[in-house]
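To start, the structure itself, in structure tokens.
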Amino acid sequence: MVSLLVFGTLFLAIGIGLLFLQKSAEKFKKTGIHVTAKIHDVRKNWHRGKNSLSAYALFYTENNEEIITELDFASTGMKIGQEIPIVYDKDNPNKIKANTLESTVFNYAMSLLFFAVGLTIVILAVTEIVK
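Going by this note's numbering, the letters in the sequence shown line up with residues 560 to 690, in that order.
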């Protein structure tokens with residue numbers, strides 16, 4: 560049961576960590592430069608037996624510098640040429656965040672999922688230990 564408690568605590572910590580990362584992203588969105596980018600490329604990756612997606616955005620900075628960099632999330636519905644609102648760091652234009660409802664909801668949902676699973680496991684483990 561102790562290993563289950565540790566496992567649940569790990570999930571709780573991941574959920575809380577993801578929430579702090581999302582809060583940091585929200586702060587970044589308030590201080591960064593808002594522009595519209597276009598999806599430049601969507602790549603399917605195969606690594607260690609798992610598929611994943613990477614999306615790359617093309618946009619222009621305030622100084623009209625062309626930037627192509629990887630987005631912080633990707634979805635199968637993304638199409639090359641599709642416009643997407645992003646936020647970039649004025650001092651480091653390669654640091655960007657998608658500024659979409661989809662990315663925000665996904666990030667909060669993952670945080671909540673890890674937190675809820677972790678809390679459930681911890682409660683079950685503590686209940687068994689107390690018995």
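All C-beta atoms, glycine included, are put in the ideal place defined by N, C-alpha and C.
Check whether residue i and residue j have beta carbons under 9 Å apart
i: I629; j: Y615; result: Inspection of the sequence shows that residue 629 is occupied by Glu rather than by Ile. The answer is yes: Cβ separation under 9 Å.
i: I645; j: V594; result: yes
i: F570; j: F673; result: yes
i: L580; j: A596; result: no
i: G591; j: D631; result: no
In DSSP terms, what residue i is bridged to
i: E642; result: K597
i: A657; result: I645
i: I627; result: L617
i: N651; result: D648
i: N604; result: S611
Range covered by the beta strand (DSSP E) that runs through residue i
i: A614; result: 609–619
Close Cβ partners of residue i (< 7 Å) along its chain, the five nearest in sequence each way excluded
i: N658; result: K588, H593, P644, I645, V646
i: A749; result: Nothing about residue 749 can be reported from this structure: the residues present for the chain run from 560 to 690 only.
i: S611; result: N604
i: I680; result: L563, F566, G567, F570
The alpha helix (DSSP H) enclosing residue i, as first and last residue numbers
i: E585; result: 561–590
Beta-carbon separation (whole angstroms), residue i vs residue j, contact threshold 8 Å
i: G677; j: G576; result: In fact, because the Cβ distance is near 11 Å, the residues do not count as touching under 8 Å.
i: P652; j: T686; result: Not a contact, Cβ separation roughly 51 Å.
i: S670; j: L578; result: 4 Å
Cut-off 6 Å between Cβ atoms - residues of its own chain near residue i, not counting five sequence neighbours on either side
i: A584; result: K656
i: D600; result: Y615
i: M637; result: I598, V601, A614
i: A633; result: L612, S613, A614
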